[in-house]
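Peer 1: Sharing a structure below in structure tokens format, with a few things to ask.
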Amino acid sequence: MRYPYALYLCTFIAIVNSASAAQILKSQNFGSGQPNQVPFSIDFTNTKNAKLQSISVYYDIYVHGLEFTYTDNTVNSVGYKLGTKSTVSLVNKEIIIFRVKSGAWIDAIQFCFSATDCTQHFGSTGGGEIVEFNLNNLINQNYKIVALTGAYIEKYTADWTVNTLNILSVSYQLIDSTPNYCTISLTNMKDNEIFSHKTVIFNGEIIANDRQNTIRNIHVNNANSVNYANKIDTQWPVNIFNQFKGLIKLERGTNKITITYDETLNQGAKCSLTINLVYEEDLTVEPVHLVMVVAKDSKLVYDAEPGEVNNLESAKWKYRTMAWLWQSFTDDQIYKRNSNSGHRCFRLDETELINGEYYPKIHVLQTDMTTAQIQAKESDLFSMCKQVILNNPTKFIKPQNLPLQFTCLFLDSHYIPDEERIAGHAALGSGWNSDYNWGIFGSHLLYSHPQNLTEMKNKFNNIRPVNKKYTSNDGGDYRARVCNVGIGAFLHELGHSFGLHHNYGVMLRGFDDFNRAFYSVELSTNNVWTSVITNVNDQYASWSKVDAEIMLPHHLFRLKNDPIIDMVDKNIQLFTTSLDSFLLYANVGIRMLAFYSNDDGKYPQYLTYEPALKTIDVDMSTSIELMNYKINNKEINLLVILKNGRMVEFGKIFSEVNNGIITDDVFKTKRFGPVYENQVEFSVDFTVNNNARLLTIGVYYDNYVHGLEFTYTDNTVRFFGYKIGNKGSFSLVN
Numbered sequence: 000m001r002y003p004y005a006l007y008l009c010t011f012i013a014i015v016n017s018a019s020a021a022q023i024l025k026s027q028n029f030g031s032g033q034p035n036q037v038p039f040s041i042d043f044t045n046t047k048n049a050k051l052q053s054i055s056v057y058y059d060i061y062v063h064g065l066e067f068t069y070t071d072n073t074v075n076s077v078g079y080k081l082g083t084k085s086t087v088s089l090v091n092k093e094i095i096i097f098r099v100k101s102g103a104w105i106d107a108i109q110f111c112f113s114a115t116d117c118t119q120h121f122g123s124t125g126g127g128e129i130v131e132f133n134l135n136n137l138i139n140q141n142y143k144i145v146a147l148t149g150a151y152i153e154k155y156t157a158d159w160t161v162n163t164l165n166i167l168s169v170s171y172q173l174i175d176s177t178p179n180y181c182t183i184s185l186t187n188m189k190d191n192e193i194f195s196h197k198t199v200i201f202n203g204e205i206i207a208n209d210r211q212n213t214i215r216n217i218h219v220n221n222a223n224s225v226n227y228a229n230k231i232d233t234q235w236p237v238n239i240f241n242q243f244k245g246l247i248k249l250e251r252g253t254n255k256i257t258i259t260y261d262e263t264l265n266q267g268a269k270c271s272l273t274i275n276l277v278y279e280e281d282l283t284v285e286p287v288h289l290v291m292v293v294a295k296d297s298k299l300v301y302d303a304e305p306g307e308v309n310n311l312e313s314a315k316w317k318y319r320t321m322a323w324l325w326q327s328f329t330d331d332q333i334y335k336r337n338s339n340s341g342h343r344c345f346r347l348d349e350t351e352l353i354n355g356e357y358y359p360k361i362h363v364l365q366t367d368m369t370t371a372q373i374q375a376k377e378s379d380l381f382s383m384c385k386q387v388i389l390n391n392p393t394k395f396i397k398p399q400n401l402p403l404q405f406t407c408l409f410l411d412s413h414y415i416p417d418e419e420r421i422a423g424h425a426a427l428g429s430g431w432n433s434d435y436n437w438g439i440f441g442s443h444l445l446y447s448h449p450q451n452l453t454e455m456k457n458k459f460n461n462i463r464p465v466n467k468k469y470t471s472n473d474g475g476d477y478r479a480r481v482c483n484v485g486i487g488a489f490l491h492e493l494g495h496s497f498g499l500h501h502n503y504g505v506m507l508r509g510f511d512d513f514n515r516a517f518y519s520v521e522l523s524t525n526n527v528w529t530s531v532i533t534n535v536n537d538q539y540a541s542w543s544k545v546d547a548e549i550m551l552p553h554h555l556f557r558l559k560n561d562p563i564i565d566m567v568d569k570n571i572q573l574f575t576t577s578l579d580s581f582l583l584y585a586n587v588g589i590r591m592l593a594f595y596s597n598d599d600g601k602y603p604q605y606l607t608y609e610p611a612l613k614t615i616d617v618d619m620s621t622s623i624e625l626m627n628y629k630i631n632n633k634e635i636n637l638l639v640i641l642k643n644g645r646m647v648e649f650g651k652i653f654s655e656v657n658n659g660i661i662t663d664d665v666f667k668t669k670r671f672g673p674v675y676e677n678q679v680e681f682s683v684d685f686t687v688n689n690n691a692r693l694l695t696i697g698v699y700y701d702n703y704v705h706g707l708e709f710t711y712t713d714n715t716v717r718f719f720g721y722k723i724g725n726k727g728s729f730s731l732v733n
């Protein structure tokens, strides 16, 4: 058995100010010492002063060997050349972060050149802890990694050959000070990219040698916008990892955006970046309509503390701002999952002209229900939302052959403190339908929301406790948390109406941290600003890989000149082909397979097909991750995402495939139709004992299928069901 996984805390040797430039220091060992290990040490420069050009890693579920290639073509190898070989180029790059997962030997390694520019994990990352050596943690001095040392073993025990690396550590050196320099790198957008919505998340990092280890700011300006500072915050924080996030508001046409970093007053660096972003709204794409439902006797207010503005106009502005945040978040996440797809997002109906600028139109629609009826426990708000749309046919033009898409915010929601109940609220999404798709939510959390984009920072970081005498604390005890839940949970329901299912991120409880989609820092409840690493924690504020694959072909997310894909067809067939393999067929085409475990909420494997395939043969036995679930009796569900964005779920795929086996060479399909307690089951072979063949099949039917009749070439007849309705038959001769 392997040693239990352990977390190796990486401790660093203290450096005194008088340390010489030649002093070389060493990190703690990662891994575990073993008898008969073979030690090694590789300098990042060889004796001829040639530089290290690349590192190659040999790996499968463990790291077996490393190969170092220098600019003079010298090659040094350590360990064993087993498994997959992947090569990492170090041309114009320096390793800043070195991550390792280890137990009795090295399971996986990863190299990072900045906080956001990392290689893949080479090896297996399932289970155990990943620890890191990070030069950014050595503040106020400049260091570089100059060597990699470690050991490898052939045998773990006398009868267990593993051929793996078992120890790794890095050596690092204090280098001479150089003049301050910096560059700004954006990770989610490129020059002259086109956006179909006006609010855009930007994120990136400052690459500098000034070793600033405090939270500071960048400044953003849009040269094409009049009074830009009045429309959106122009100052956005940079965290201690040199990462930043923020929001840009675009004007129609080309926008010249300048981002400036200036820490010269703190003996730091100064640099700037200018990028052009193009905003082109495509009015041919159907919008998501924003509907506000009010009772026929509504007071047109929402829950708030005394003295706070809570009128209809305030609610409309908060609704608009929320929808803008939904848009920017969605585009950023889809681009992160598939940057080749361009910047995609659903459109809002921005036709309301206010002070010379167009804003999302809020349709305030009155229902024929009273406030008391809306707030009653038995009220059916979900159906009420659709009905109020049907009652106002002139306000919405239903697209031809496409569904109408909308959200409903119930203004008359109300928190009842004595009952700790939110009346007039429901959080529901319709799923995707061919006629109407919608999500609903209450107004009970609006009090915590930003009314415009300049209020974002204050609202997302408001640690003021919720006063439960007047307002609900749905999701948290302080206002920032409530703001996250109010905006993110409503987006969750809109996601359902796109056809998304519960998996992780926003479609689970990831909206609890919705602020992290827009900021690289957050204010803790003890009033301290903390840094948030922006390139991890996909389980939190994110659309998952599955979500992105569903939204990419969705008709609401299409780009200019994209064809409209029929989303009605979700037919797919699964055929067992062996104990651990199956074949899938879908005429519309298959884009992705995602294997999901309800036991631990993880996706052990994704398979993506570009272009989409109609037929896919899957052998689960080739996946170590999937077989580990099977060995440990953990069920896996299979999610199939079709080319048109529809998703089909096969629950408990191991059982599904196993149930398809009758004998070694005879298989059966999945069961079609529901299962009833008093049903009578039957089975019909297409051959009988005397080898007579099936001649015809007769069907008794009207609105339903009542019975089946099987006739063989020896005149044998077998019948199941009931002889009701019409009879039709077909021949199987030849």
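Per numbering that gives the first Met the number 0, the very first residue in the sequence shown carries number 0; after that it's consecutive.
Just so you know, even glycine gets a beta-carbon here, dropped at the ideal spot from N, CA and C.
These numbers were taken from a predicted model, which means no experiment stands behind them.
#1: Measure from the alpha carbon of Ile-623 to the alpha carbon of each residue in Ile-60, Val-225, Phe-43, then state which is nearest.
#2: Can you have a look at Phe-404 and say buried or exposed, based on whether 16 or more other CB atoms are within 10 angstroms of its CB?
#3: Just to check my reading of the structure: Ile-166 and Gly-30 have Cβ atoms closer than 8 Å, yes? What is that Cβ distance to the nearest angstrom?
#4: By alpha-carbon positions, which one of Thr-253, Lys-248, His-501 ends up nearest to Thr-453?
#5: Can you check DSSP and say which residues form a bridge with Cys-181?
#6: Assuming Phe-395 and His-553 are in contact, meaning their beta carbons sit under 8 Å apart, how far apart are those beta carbons, in whole angstroms?
#7: Would you kindly report the start and end of the unbroken alpha helix (DSSP H) that includes Met-455?
#8: Enumerate, from N- to C-terminal direction, the unbroken beta strand (DSSP E) stretches of 3 or more residues contained entirely within the region 89-171.
#9: Since Ala-314 is in the alpha helix (DSSP H), which residue starts that stretch and which ends it?
#10: By Cβ distance, which residues of its chain are closer than 7 Å to Ala-49, with the 5 residues on each side in sequence left out?
#11: Taking the straight line between their C-alpha atoms, what separation do you get for Arg-515 and Lys-244?
#12: Just verifying my parser: in three-state terms, what is the DSSP assignment at Glu-676?
#13: Can you check DSSP and say which residues form a bridge with Glu-192?
#14: Please check the pair Thr-148 and Ser-170, which I expect to be a contact at CB under 8 Å, by giving their CB distance rounded to whole angstroms.
#15: Decide yes or no for the touch test of the region 177-191 against the region 199-216: beta carbon pairs closer than 8 Å, at least 3 of them.
#16: Using only the alpha-carbon positions, how far apart do Ile-14 and Ser-26 sit?
#17: Here's the rule I'm using: 16 or more other beta-carbon atoms within 10 Å means buried, otherwise exposed. How should Glu-655 be labelled?
#18: Alpha carbon to alpha carbon, what distance is there between Phe-729 and Asn-690?
#19: Please go through the same chain and pick out, in chain order, the residues whose beta-carbon is closer than 6 Å to the beta-carbon of Asp-94, but skip the five residues on each side of it.
#20: Give the DSSP-derived three-state secondary structure of Ile-623 in the structure shown.
#21: Less than 6 Å between C-beta atoms, sequence neighbours within five positions excluded: which residues of the same chain meet that for Asp-701?
#22: Starting from Gly-267, follow the beta strand (DSSP E) in both directions and report where the run begins and ends.
#23: In terms of DSSP beta bridges, what is Cys-407 paired with?
#24: Taking the beta strand (DSSP E) that Thr-533 falls in, what are its first and last residues?
#25: Which one of Tyr-628, Gly-487, Val-219, Asp-568 has the shortest CA to CA distance from Gly-588?
#26: List the whole-angstrom C-beta distance separating Asn-220 from Tyr-227, where the pair is believed to meet the contact cut-off of C-beta under 8 Å.
#27: For Asp-616, report the span of its alpha helix (DSSP H) as first-last.
#28: Going by Cα to Cα distance, which pick from Tyr-142, Leu-137, Ser-541, Lys-100 is closest to Val-130?
#29: Are Ala-547 and Asn-337 touching if we call contact CB-CB under 8 Å?
#30: According to DSSP, is Asn-714 part of a helix, a strand, or is it coil?
#31: Would you identify the three-state DSSP class for Asp-701, choosing helix, strand or coil?
#32: Going by DSSP, name the residue or residues bridged to Glu-648.
#33: Can you find the residues in the same chain that come closer than 8 Å, C-beta to C-beta, to Tyr-477, ignoring five residues on each side of it along the sequence?
#34: What do you get for Gln-332, buried or exposed, if any count of 16 or more other CB atoms within 10 angstroms of its CB means buried?
#35: What separation, rounded to the nearest whole angstrom, lies between the Cα atoms of Asn-677 and Tyr-721?
#36: Could you tell me which residues DSSP puts in a beta bridge with Glu-356?
Peer 2: Result, derived from the coordinates:
#1: Numbered from its first residue, the sequence shown carries residue 623 at position 624. Nearest of Ile-60, Val-225, Phe-43 to Ile-623, Cα basis: Ile-60.
#2: Indexing the sequence shown from 1 puts residue 404 at position 405. Reading off the sequence shown, one finds Gln at residue 404, where the question assumed Phe. Under the 10 Å beta carbon count, Gln-404 is surrounded by 16 or more other beta carbons and is classified as buried.
#3: Looking up residue 166 in the sequence shown gives position 167. Looking up residue 30 in the sequence shown gives position 31. Indeed they touch by this definition, with Cβ atoms about 4 Å apart.
#4: Against the sequence shown, residue 453 aligns to sequence position 454. Closest option to Thr-453, Cα to Cα, is Lys-248.
#5: As a first step, residue 181 is located in the sequence shown; it is residue number 182 there, counting from the start. Paired residues: Ala-207.
#6: Locating residue 395 in the sequence shown gives position 396, counting from the first residue. Locating residue 553 in the sequence shown gives position 554, counting from the first residue. 19 Å between Cβ atoms; not a contact.
#7: The residue given as residue 455 occupies position 456 in the sequence shown. Residue range 455-459 is occupied by the alpha helix (DSSP H) that includes Met-455.
#8: Counting only runs of 3 or more, we get 96-101, 105-111, 129-133, 142-156.
#9: To locate residue 314, count along the sequence shown from 1; it is residue 315. Where Ala-314 is concerned, the enclosing alpha helix (DSSP H) stretches over 311-336.
#10: Looking up residue 49 in the sequence shown gives position 50. Here the set comprises Tyr-69, Thr-70, Asp-71, Thr-73.
#11: What you label residue 515 is simply residue 516 of the sequence shown in a count that begins at 1. What you label residue 244 is simply residue 245 of the sequence shown in a count that begins at 1. Roughly 9 Å between the two C-alpha positions.
#12: The count along the sequence shown starts at 1 and reaches residue 676 at position 677. Note: Glu-676 maps to coil in three-state DSSP.
#13: Looking up residue 192 in the sequence shown gives position 193. DSSP, once it has assigned bridges, lists Leu-276 as partnering Glu-192.
#14: Start at 1 with the first residue of the sequence shown, and residue 148 comes out as number 149. Start at 1 with the first residue of the sequence shown, and residue 170 comes out as number 171. Contact flag correct, Cβ pair sits at about 7 Å.
#15: Contact between the region 177-191 and the region 199-216 is present, because at least three Cβ pairs lie under 8 Å.
#16: Working through the sequence shown from its first residue, we reach residue 14 at position 15. Working through the sequence shown from its first residue, we reach residue 26 at position 27. Unreliable placement is indicated for Ile-14, whose pLDDT of 31 sits below 50; no coordinate value is reported for it.
#17: Residue mapping note: residue 655 aligns to position 656 of the sequence shown, counting from 1. Per the 10 Å Cβ criterion, buried.
#18: Reading the sequence shown from its first residue, position 691 is the one you call residue 690. Reading the sequence shown from its first residue, position 730 is the one you call residue 729. Distance from the CA atom of Asn-690 to the CA atom of Phe-729, rounded to whole angstroms, is 21 Å.
#19: On the sequence shown, residue 94 is found 95 positions in, with the first residue counted as 1. Checking the displayed sequence, the identity of residue 94 turns out to be Ile instead of Asp. Cβ-Cβ distances below 6 Å link Ile-94 to Phe-110, Ile-144 in the same chain, with the five nearest sequence neighbours on each side left out; the list follows chain order.
#20: Along the sequence shown, one-based indexing puts residue 623 at 624. It is helical.
#21: Residue numbering aside, residue 701 sits at position 702 when the sequence shown is read from its first letter. Excluding sequence neighbours, Asp-701 sits near Gly-724.
#22: Here the question's residue 267 lines up with position 268 in the sequence shown. Element bounds for Gly-267: n/a, residue is neither H nor E.
#23: Mapped onto the sequence shown, residue 407 falls at position 408. For Cys-407, DSSP records a beta bridge to Val-290, Ile-439.
#24: On the sequence shown, position 534 is the one that residue 533 refers to. Segment: none, Thr-533 is in no beta strand (DSSP E) and carries neither H nor E.
#25: Here residue 588 corresponds to residue number 589 of the sequence shown, with the count starting at 1. Of the listed residues, the one whose Cα sits closest to Gly-588 is Asp-568.
#26: As a working note, residue 220 is residue 221 in the sequence shown. As a working note, residue 227 is residue 228 in the sequence shown. Between Asn-220 and Tyr-227 a beta carbon distance of about 6 Å is seen, short of the 8 Å cut, so the two are scored as contacting.
#27: Here residue 616 corresponds to residue number 617 of the sequence shown, with the count starting at 1. Here Asp-616 belongs to no alpha helix (DSSP H); instead the beta strand (DSSP E) covers 601-618.
#28: For this step, residue 130 is matched to residue 131 along the sequence shown. The option with the nearest alpha carbon to Val-130 is Lys-100.
#29: On the sequence shown, position 548 is the one that residue 547 refers to. On the sequence shown, position 338 is the one that residue 337 refers to. The answer is yes: Cβ separation under 8 Å.
#30: The count along the sequence shown starts at 1 and reaches residue 714 at position 715. Annotated three-state conformation of Asn-714 is coil, per DSSP.
#31: Mapped onto the sequence shown, residue 701 falls at position 702. Coil.
#32: As a working mapping, residue 648 is identified with position 649 in the sequence shown. For Glu-648, the pairing in a beta bridge is given by DSSP as Leu-638.
#33: In the sequence shown, counting from the first residue as 1, residue 477 sits at position 478. For Tyr-477, where only same-chain residues beyond five positions count, the Cβ hits under 8 Å are Asn-461, Ile-462, Arg-463, Pro-464, Val-465, Thr-524.
#34: For the purposes of this step, residue 332 is taken as residue 333 along the sequence shown, with counting starting at 1. Result: buried.
#35: Looking up residue 677 in the sequence shown gives position 678. Looking up residue 721 in the sequence shown gives position 722. Asn-677 and Tyr-721 have their C-alpha atoms spaced approximately 16 Å apart.
#36: Along the sequence shown, read from residue 1 onward, the residue named residue 356 stands at position 357. Glu-356 is bridged to Ile-353.
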